Every structure is written in C-alpha cells, then in structure tokens.
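Numbering (the numbering used here), first residue to last: 1141 to 1378. Even glycine gets a Cβ: it sits at the ideal position worked out from N, Cα and C. Note that the structure is predicted; figures quoted are calculated from it, not measured. One structure is given below, encoded as structure tokens.
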C-alpha cells in the first residue's frame, strides 16, 4: 500500500485483516478533498449577502448535513430565509466542480484498492449519488463500491446525524451494523455513525481538519481517531 509521499510497498491487495464484516465510508472529506472547497463557496455567498462567514464557521455549523436539514442550519445562522439565488449559486458551483473533478484525500485510493476483494463496502454520504459517482470516477475508484453508493438525501427519510443511512447500508450489504467499521470525518456524520452501533473511526486526514478536530471527534464518542489512512489500516488490523 502506498501513502502520499512514500514509495509503493510490497503490501498486496487484500492484505487488511478481516476484523470487520464490512466498511462504510463517508465521502466528502474522507475519500475526496471537497469539504473546504464547498464550504468556502457557502461562506463567500453568505458574506456577500451581508452575513460575514468564514469557511471554518461554515464547516463547523453546516458540514455533514444535507437537504432540508442543511438549509435549516444555514437559515438559522443568518436569521432569515435564504435568497432564491442561493440555490442557483450552489448549482453553478456544483457544475463547475463536477466538470473539473476533485482529488482524493491523501492515501484514500491506495487504501480502498488494498481492501480484500470480497470485503463488503459502501459509500454513505449526504451528497447525491450523481456527485459521488462523478468524483469516484475522477479518482479512479469508479467500480470500487459497485451499486453500494447511498445518499442521505435519496435513500432514507432522515439523513445525518440520524443513524438511518448507516443502518440502511449495512442492511443492503447483508452485514449487521455491529460488524461494520464506519469511517467519518464530520461531527454530524460521526454522531449518526455512533448512534447506529457500528465501530466508528474519526478520520482527520482531510485538509479541512483543524488542529482541534480530533478532540471534537472524540467528543462525539467515536471509537478511535486516525490522522491518516495508515492509522486506519492499523486500527482494522488490530
């Protein structure tokens, strides 16, 4: 397995021990470096309409939510309904990013490629399946999850921080949630993952993770915290 900045080792695909029956991956901030980009656009928009917001504040308050829950959080932050052109601006940003593609979180591709071929795995994200598939293709993991790509806005009524999406994915994989390891980066996602009953690894590998992010994940009662995918691997091999 090769991690960013290191030569490829002689670790062969499928060498991660079968400590868990399945792996569930959040997407934005776990597999691709999208969190800062998206939250900067939100912050810039809100600042432009008279509500000064930094990307860090956007990430702290909105990251991990989707659909109506996301909109409610933003409107609570600014204290009024969002202008109609917010949705136009978000769609334009999504189109731009979809066209350009977003790179992987360091080590993500090698980690996924190292998994045993028969180890069940799924993506569990607040993003749309269209977004997920586009960026999986961009980083070379288009076929890595098969049909097991699940969206909190498409597959369940209650998205993160409810546990429903994780439970739904585990059911689709045919694996008890207690036998699943879940990799999450956001506090919202970690909260739902912990509530589901899976083994939760809080990942701090993305460029959006501030110095206190590990402590915040521990506050959400994750089972373990990893600073990179090398540490994730060690946790799965223990």
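- Put simply, the backbone Cα of residue 1299 is about 7 angstroms away from that of residue 1205.
- Note that the region 1232-1252 touches the region 1341-1358; at least 3 beta-carbon pairs, one per stretch, sit closer than 8 angstroms.
- Here the alpha carbons of residue 1175 and residue 1199 stand approximately 8 angstroms from one another.
- For residue 1361, there is no enclosing alpha helix (DSSP H), as DSSP gives it neither H nor E.
- If you check the CB distance, residue 1323 and residue 1166 come in under 8 angstroms.
- In the DSSP assignment, residue 1165 is bridged to 1263, 1323.
- When 1202, 1208, 1223, 1230 are compared, the shortest CA-CA separation from residue 1217 is found for 1202.
- Of the residues 1170, 1365, 1358, 1370, the one whose Cα lies closest to the Cα of residue 1262 is 1170.
- For secondary structure counted as the alpha helix (DSSP H) over 4 or more consecutive residues, the region 1296-1342 holds these complete runs in sequence order: 1304-1313, 1327-1336.
- Taken atom to atom, the span from the alpha-carbon of residue 1194 to that of residue 1182 is near 9 angstroms.
- For residue 1290, the enclosing beta strand (DSSP E) begins and ends at 1289-1291.
- Going by DSSP, residue 1234 is part of the alpha helix (DSSP H) stretching over 1225-1240.
- By the C-beta criterion, the region 1303-1310 is judged not to be in contact with the region 1278-1285, since fewer than 3 inter-stretch pairs fall below 8 angstroms.
- DSSP places residue 1274 in the uninterrupted alpha helix (DSSP H) bounded by 1269-1278.
- The beta carbon of residue 1186 is closer than 7 angstroms to those of 1193, 1218 in its chain, skipping five residues each way along the sequence.
- With respect to the C-alpha of residue 1364, the residue from 1264, 1172, 1325 having the closest C-alpha is 1325.
- According to DSSP, residue pairing for residue 1172 in a beta bridge involves 1168, 1244.
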